[in-house]
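In what follows, a structure is listed as C-alpha cells, so that the remarks can point back to it.
Right, dumping it as C-alpha cells:
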C-alpha cells in the first residue's frame, strides 16, 4: 500500500467511452516501468478516468510500442479548459485549507491519524491509483470529493447536496436536480474502490462533486453527492464491469499479449491525441464506424457489415431493413456509396428548397464556457438592402469585459434592437425578412437565457419576445435544412460542409474551442475570474480580438455561402436515386 501527499457492459459499452470532462489530460494508466528492452511484467495500475475511456485509447496508452510521435498536440481550446479547471480547483482547495483546516501534508494511512479533511492525497493499490481532490472523514472511513469545471446541477429538485462550507450537511435540494455526468460518477466509483482496497472507505458508498457555473451562487457553492450503490442503477456495478475490461486491455497491451481492443470512431475521438493514429487505421480498412456511430455500428457488425464496402454492396432490401437509429430509414447504403464516391452530400430529392427573403441576416454567436455569449455577429444581404438605404456586410455586437459581466447584456440588447429594426422595416415596406443560423440550439441557448440573466438592461427583450421570434418562420436553421434535404455520410459540422460551397476560413485554426482561448487572451482574463466592471471596455489584446471578429465573420459568411449553394448549385451533387441505381 502506498499513500503520499502531492502538489497541485454490453458490446456498445465495451467499444466506446463515456463523455469526457475537461479533466482530459489526467493520466489514467500508471507509467510502465521497464528494465532494458523487455516488456513490463509489473502490475498495470489504472487511474480514475480509465473506466470511462475508449478501450483502444487505454490500449495505446499502455503500449510502450505505440507510435507516440504521431499523436496530435493539445489544441488551444483543450488547453484553455484545463487552465480554467486548474484555476477553479485551486480556488476551491485554497478555501478548504483556510476554512476547514484541510491537510495536504504527506499522510501515513497505516497510523491512527484520521484528519477530517485530506487534500490531494495520492493513493495506490495493486491495480488502482488516484488523487482525489478531497477526502472527507465520514465517521468510519473516507468519502472522495472531486472538483470539476462544468455544471453539475440544473434548476429543479431532488439532488443530494451540501454546502461547500459544511459538506457533511447532506439534504435533498428543493432548488436543484443533478446533471448526468457519467465520467464524474465513474471517477467517484474508482476512488471508492481504491479506498476500499486500502481499508479506508466509509461504509456508505457515496462521493461528491463540486462544479462550476450556474445561476446565483452556482454549482461551486455546493457539493453534489452521488450514491454509488443504488439498487437497479448501481454506479459501482457499472464501474466494476468497465474497470475489469479496461484492466485486461491495458495488461495485454503492457505485456505484449494480443490486443483486446480495436479502433472504432466514437465521440471521444475528437479530443483524443491518439486520433491521427486510429484514423489512419480506420481509413485504410474503410471501417464502418467512419460513417456510423454508437449502437448502429454494433447492429451493422451483427449483420456482417464491418467496412464501408460491405455496406455499399449489401442487398438493398437487407440494408433497408436494418433497425438503425442514427440515420434516416433507408439511407444506410447510400451513405456508404456516397462516402466511397467522395460525395459529402447527396440530395434526397431532385429539387432543393431553402427559404430566401428580401432582407437576409446571417447570425453567429461566440460564447465562453458556461459564462455567457460575448459576441453576436451578423451579415446583412438581400435584394432589398439598397432599396431600403441599408448597407450590406458584417456587423458585430460585442463585449470585451471578461465574463461574467452585465456588459454582455448590453451587447445582446443592441443586437436585438438591430434585429428587431430590420424585421420592422421589412414589415413596414411589405417585404420579407429571414435570419439564418447553423444549428439553432447553440444560439437559442443564449437567446433564451440572456434576458433571464440580465432583465434590467435597457432594451432587453422579454422571454416571450424571444420565444415568438425563435418559433417564427423568420428564424431558419440551415443545419436542419441540410438534414431534411440531404444524406450526409460524414460530418454535419459547418467547417466540414462549407467547402462544398467553395468557402474557406481565413484563420488557419478555425474552431469554437480555439476561439475561447483567443477570447481569454483578448480580454486578459485571469483563469476562472470575470469582471465586476460596468460598461464596455477595449480588449486587452487587440490582435486576438480582431482574430475573433474575423473568425466570427467567416462563420456567418460560411452559412451564407452554404445556403446560396443550396439555392443555386445543389444540382452539382447526385441524388439518392442516382446512387442507389445498381
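Residue numbers (our numbering): 5 to 586. Positions of the beta carbon are idealized from the N, C-alpha and C atoms, including for glycine.
{"query": "Can you tell me whether residue 546 is buried or exposed? The criterion is at least 16 other CB atoms within 10 Å of its CB, across all chains shown.", "result": "exposed"}
{"query": "Please report the distance separating the alpha-carbon of residue 244 from that of residue 52.", "result": "12 Å"}
{"query": "Does DSSP classify residue 157 as helix, strand or coil?", "result": "strand"}
{"query": "Out of 271, 288, 278, 276, which one is the CA nearest neighbour of residue 301?", "result": "271"}
{"query": "Looking at C-alpha atoms only, which residue of 474, 576, 202 is the closest neighbour of residue 115?", "result": "202"}
{"query": "Let me check understanding here. Comparing Cα to Cα, which of 200, 434, 457 lies closest to residue 133?", "result": "200"}
{"query": "Just to check my reading of the structure: residue 147 and residue 356 have Cβ atoms closer than 8 Å, yes? What is that Cβ distance to the nearest angstrom?", "result": "The pair is not a contact, with the Cβ atoms about 57 Å apart (cut-off 8 Å)."}
{"query": "If you drop the 5 nearest sequence neighbours on each side, which residues of the same chain put their C-beta closer than 8 Å to that of residue 447?", "result": "367, 368, 369, 441"}
{"query": "In this structure, does DSSP put residue 442 in helix, strand or coil?", "result": "coil"}
{"query": "If the criterion is Cβ atoms closer than 9 Å, does the pair residue 331 and residue 350 meet it?", "result": "no"}
{"query": "Which residues does DSSP pair with residue 366 in a beta bridge?", "result": "383, 440"}
{"query": "Report buried or exposed for residue 485, applying the criterion of at least 16 other Cβ atoms within 10 angstroms of its Cβ.", "result": "buried"}
{"query": "Check each candidate in 541, 443, 75, 394 and name the one with the smallest Cα separation from residue 497.", "result": "443"}
{"query": "Does DSSP put residue 371 in a helix, a strand or coil?", "result": "strand"}
{"query": "Checking 9 Å against the spacing of the C-beta atoms, do residue 373 and residue 88 come in under that value?", "result": "yes"}
{"query": "So, is residue 557 buried or exposed, given that buried needs 16 or more other C-beta atoms within 10 angstroms?", "result": "buried"}
{"query": "Tell me whether residue 147 sits in a helix, a strand or coil according to DSSP, three-state version.", "result": "strand"}
{"query": "Who are the near neighbours of residue 487 in its chain, counting only those whose CB is closer than 6 Å to its CB and skipping five residues on each side?", "result": "none"}
{"query": "Under 8 Å by Cβ, that's how I've got residue 156 and residue 240 pegged, so tell me the actual separation to the nearest angstrom.", "result": "Rounded, the Cβ-Cβ distance is 20 Å, inconsistent with contact."}
{"query": "Based on Cα-Cα distance, which residue from 139, 120, 117 lies nearest to residue 127?", "result": "139"}
{"query": "Check whether the region 273 to 291 and the region 309 to 316 are in contact - that is, three or more C-beta pairs closer than 8 Å.", "result": "yes"}
{"query": "From this set, 276, 275, 282, 274, which residue's C-alpha is nearest residue 265's C-alpha?", "result": "282"}
{"query": "What's the gap between the Cα of residue 278 and the Cα of residue 74?", "result": "8 Å"}
{"query": "In terms of alpha-carbon separation, which member of 505, 435, 58, 122 lies closest to residue 251?", "result": "58"}
{"query": "Could you tell me whether the Cβ atoms of residue 583 and residue 342 are closer together than 9 Å?", "result": "yes"}
{"query": "Smallest Cα separation from residue 513: which of 548, 248, 529?", "result": "548"}
{"query": "Could you check which residue in 103, 144, 131, 149 has the C-alpha nearest to that of residue 125?", "result": "149"}
{"query": "Output the boundary residues of the alpha helix (DSSP H) element that contains residue 489.", "result": "482 to 489"}
{"query": "Assuming residue 196 is part of the beta strand (DSSP E), what are its boundary residues?", "result": "Not the beta strand (DSSP E): residue 196 falls in the alpha helix (DSSP H), residues 186 to 201."}
{"query": "Tell me the DSSP secondary structure of residue 228 in three-state form.", "result": "strand"}
{"query": "What are the partner residues of residue 134, as DSSP defines its beta bridges?", "result": "127"}
{"query": "In three-state terms, what does DSSP make of residue 168?", "result": "coil"}
{"query": "Can you tell me the Cα-Cα spacing of residue 386 and residue 363, whole angstroms?", "result": "5 Å"}
{"query": "How many angstroms separate the CA atom of residue 190 from the CA atom of residue 573?", "result": "49 Å"}
{"query": "Compute the Euclidean distance between the alpha carbons of residue 462 and residue 417, then round it to the nearest angstrom.", "result": "7 Å"}
{"query": "Tell me the rounded alpha-carbon separation between residue 470 and residue 428.", "result": "15 Å"}
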